[in-house]
Amino acid sequence: MAVVGVDTGGTFTDVICWRDGAFAVVKLPSTPDNPARAVLAGLERLGFAGGRVLHGSTVATNAILERKGAPTAFIANAGFEDIIAIGRQNRPELYDLASRKEPCLVPGELRFGAPGRVSAEGKVLEELTPERASELARAVADAGATSAAICLLFSFLKPEHERLLGEALAACGLSVSLSSDILAEFREYERAATTVANAYVAPVMDAYIGDLEAGLGREAALSVMQSSGGLITAQTARHEPVRTILSGPAGGVVAALAVGKAAGFDSLITFDMGGTSTDVSLLDGGLSVAMETRLAGLPIKTPMIDIHTVGAGGGSLAALDVGGALTVGPQSAGADPGPACYGRGEGLTVTDANLFLGRLAPDHFLGGGMALASDRLPPLFKRLGAAAGLTPVEAAEGIVAVAEAAMERAIRVISVERGHDPADFALLSYGGAGGLHAVSLARLLGVQTVVVPRHPGLFSALGMLHADIVKDFSETVMLSSDKIDVFELAGLFGSLEEKARQGMAAEGLDGGDIVLERQLDMRYKGQSHELPIRFVADPFTAFHNRHEDIFGFKDRKAVIEVVTLRIRARAVQEKPPFKEADHLVAAVSEEAKLGERPLVWRTREIAAQWYDREKLAPGNRILGPALIAEISATTFVPPKAEARVDGFGNIVIDTHAEG
1 MAVVGVDTGG TFTDVICWRD GAFAVVKLPS TPDNPARAVL AGLERLGFAG
51 GRVLHGSTVA TNAILERKGA PTAFIANAGF EDIIAIGRQN RPELYDLASR
101 KEPCLVPGEL RFGAPGRVSA EGKVLEELTP ERASELARAV ADAGATSAAI
151 CLLFSFLKPE HERLLGEALA ACGLSVSLSS DILAEFREYE RAATTVANAY
201 VAPVMDAYIG DLEAGLGREA ALSVMQSSGG LITAQTARHE PVRTILSGPA
251 GGVVAALAVG KAAGFDSLIT FDMGGTSTDV SLLDGGLSVA METRLAGLPI
301 KTPMIDIHTV GAGGGSLAAL DVGGALTVGP QSAGADPGPA CYGRGEGLTV
351 TDANLFLGRL APDHFLGGGM ALASDRLPPL FKRLGAAAGL TPVEAAEGIV
401 AVAEAAMERA IRVISVERGH DPADFALLSY GGAGGLHAVS LARLLGVQTV
451 VVPRHPGLFS ALGMLHADIV KDFSETVMLS SDKIDVFELA GLFGSLEEKA
501 RQGMAAEGLD GGDIVLERQL DMRYKGQSHE LPIRFVADPF TAFHNRHEDI
551 FGFKDRKAVI EVVTLRIRAR AVQEKPPFKE ADHLVAAVSE EAKLGERPLV
601 WRTREIAAQW YDREKLAPGN RILGPALIAE ISATTFVPPK AEARVDGFGN
651 IVIDTHAEG
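The opening residue of the sequence shown carries number 1 in UniProt numbering; numbering runs sequentially from there.
Pasting the structure below:
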């Protein structure tokens, strides 16, 4: 049976198929007007006739960022209708006197107050009748909403009122999201914001998955990657699309973990440079999962791999700011018109700079499947350079330097700012543009080793093939360490674990194949933030130690609060194996050499040997300057760096081979 991983990015759509023990790959331009079109075209090129399709999607993300979701109503308890707009008092730009918040996804006329009330103990203070629920539902429908988010106070303790409203709204033809289903935890603003985001994108995701499944036919089983690095069925993704906000980048990190374990790299910084943005993450023996992120000003509180994103990718546009300084991104040329070398636009990008500097081969882009118009670039760089007071070459190198500075800052956020020295990690580079910048970036960070895996330009799609089916379940408990011991705490997981088994059964999975992982959200009494702690023999000591690791101190006399219990249910899936070569050969064959070409390095023109990665053998060693081309990416080995192909086919680069 064929298993296919698909990643739809802002610039390219990547498709990788594992069938009969071999990979087949396709990389083609994305179709932003209808992302399913590129996916189906890629599958057609691969001759896909049935099997599993594992999909990382940006549909939910783009719907929120571009404000193209469904007209959504927000229903809260009467008097709390505007909580979604008021939010919290946190100000990310503390000293900006003209700071503006992102517009609320729900306009004032679509916010409604519901009768009925539940206490903080989960007791009904005011009953909600079916008649009043139906009356409110008709008012919501008459206001023009097609989707509704319902978030009532303390519904995570008693969800009956939400369910009654949900049934009434569904009877009026609305798509419905209940906070007690999406996020059964305390903190009503975060619960409301996450539920609103889900309701806003649910009709969009439902339509997209419907189009995709219609194109795939009955012989294909579609699953969707979550932000947490686990797969869910297409049906679950239709109802809970907020869990897919970072699904594409999550695939790459999952693949990085798998490659690292196979090749012996336990501590990795992942560097995913695509066409629109760069995503970085840190792996120290396992995935780092965060419980909240922000997207377009909204807190999204679902489990997700801790990924930091900056708007610097191959398609990021270069410009001069009001002071005449060179800037790169966050605006992107995207797939259409794309970089200037695609032949349609005139905005210069990082890709154009690399081509102009000789680091891309115009006749070998996408394996020769797409010719680049390098002849269009000299006048454009001359014009940019003249405006900036630079030569054309200096302008191109400036674009590369500015982009790399932004990426360096992003990596320092996930490493140095969290107590890690980048020098203790290897940099695993992927994405279509990652290999061109990885060594320079590693040198800026003091990193000795760069790893470029096989199929780097399709690596996030590969990650879909290495993901398990995962569902997360949580319950707010608010317990103190002075009133409960570890054994009592362990007993509280029983009902949540049963809920997890039922949830996995709804995904069509047998209970015997499911692994349940326990976790606690803990804090010192009086704090307003929690740390996730795995449930071990002594979780309280584990919390003290983790708190010291992150914040530099621990207080063993302080009372610890257990805020939330979490269960991660995992059904392990069969994955493509990593096969290590039996023997290594240091000398590169003549067949793998594509000849010498000039490139620019620090404003000087030098000669670099080009290689065909598909013809390199395990053990081959290559001294820089060199460029290694393949269908999905190009890897640049600068002067004073040395690359070798390891037994798994990864390119491992010593960034300071001669210095």
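The C-beta atom is built at its ideal place from N, Cα and C for all residues, glycine as well.
Every value quoted in this text rests on a predicted model; they were computed, and no experiment measured them.
Check	Outcome
List the residues that DSSP assigns as beta-bridge partners of A273.	According to the sequence as given, residue 273 is Met; it is not Ala. According to DSSP, which records beta bridges pairwise, M273 is partnered with T278.
With DSSP run on the structure shown, which of helix, strand or coil describes residue 662?	With the chain covering 1 to 659 only, the question about residue 662 has no answer from this structure.
Need the endpoints of the beta strand (DSSP E) that E609 sits in, please.	Reading off the sequence, residue 609 comes out as Gln, not Glu. Its beta strand (DSSP E) spans residues 604-612.
Using the beta-carbon count (16 or more within 10 Å), is I550 buried or exposed?	exposed
Just checking, does the stretch 279-287 make contact with the stretch 414-423 on the three C-beta pairs under 8 Å criterion?	yes
State buried or exposed for Y95, treating a residue as buried only when at least 16 other CB atoms are found within 10 Å of its CB.	exposed
Would you identify the three-state DSSP class for A262, choosing helix, strand or coil?	helix
Exposed or buried, which one is T603 when buried takes at least 16 other CB atoms within 10 Å?	exposed
From R359 to F154, what does the alpha carbon distance come to, in whole angstroms?	58 Å
Ends of the beta strand (DSSP E) at N77?	72-77
Report the three-state DSSP secondary structure of S374 (helix, strand or coil).	helix
Under DSSP, the alpha helix (DSSP H) around G434 begins and ends at which residues?	434-445
With respect to the beta strand (DSSP E) encompassing F636, which residues constitute its N-terminal and C-terminal limits?	634-637
With DSSP run on the structure shown, which of helix, strand or coil describes V562?	strand
In its own chain, which residues sit with a C-beta less than 8 Å from the C-beta of G659, not counting the 5 before and 5 after it?	For G659, the predicted model reports a pLDDT of 43, less than 50, meaning its position is unreliable; a value from the coordinates is still stated below. Only K640 meet the Cβ criterion.
Check this for me: beta carbons of A319 and M407, under 9 Å apart or not?	no
Using DSSP with H/G/I as helix, E/B as strand and the rest coil, what is F23?	strand
In the DSSP output, which residue or residues are listed as bridge partners for H55?	V6, V224
For E126, which residues of its own chain have a beta-carbon under 6 Å away from its beta-carbon, when the five flanking residues on both sides are left out?	G116, R117
Note down, in chain order, each residue of its chain lying with its Cβ closer than 6 Å to the Cβ of S277, except the 5 sequence neighbours on either side.	T309, G311, G313
Is it the case that the Cβ atoms of G434 and V447 are separated by a distance below 9 Å?	no
Inspect the beta-carbon positions of T129 and S57 and report whether they are closer than 9 Å.	no
What first and last residue would you give for the beta strand (DSSP E) that runs through R111?	111-114
Count the other CB atoms within 10 Å of the CB of G649; is the residue buried (16 or more) or exposed (fewer)?	buried
Kindly indicate which residue of T72, P337, G230, A193 has the alpha-carbon position closest to the one of R294.	A193
Classify A2 as buried or exposed, calling it buried when 16 or more other Cβ atoms lie within 10 Å of its own Cβ.	buried
What's the gap between the Cα of L169 and the Cα of K471?	27 Å
Terminal residues of the continuous beta strand (DSSP E) containing D142?	D142 -> not in any beta strand (DSSP E); alpha helix (DSSP H) instead, spanning 130-142.
Taking the alpha-carbon of W601 as reference, which of F553, A643, V400, F425 has the nearest alpha-carbon?	V400
Ordered along the chain, which non-local residues of its own chain (more than five positions away) have a Cβ less than 6 Å from that of residue 693?	One cannot answer for residue 693 here, as it falls past the ends of the chain, which runs 1 to 659.
Please identify the residue among R111, G50, G69 whose C-alpha is closest to the C-alpha of G79.	R111
Closest to R91 by CA distance: which of L594, F487, S223, L298 is it?	L298
Quick check on N354: buried or exposed, where buried means 16 or more other Cβ atoms within 10 Å of its Cβ?	buried
For L46, which option in C17, R501, A38, F74 has the closest C-alpha, if you only look at C-alpha atoms?	C17
Please go through the same chain and pick out, in chain order, the residues whose beta-carbon is closer than 7 Å to the beta-carbon of H547, but skip the five residues on each side of it.	L531, K554
Quick check on this structure: which residue in V652, A490, Q573, G260 has the alpha carbon closest to the alpha carbon of R566?	A490
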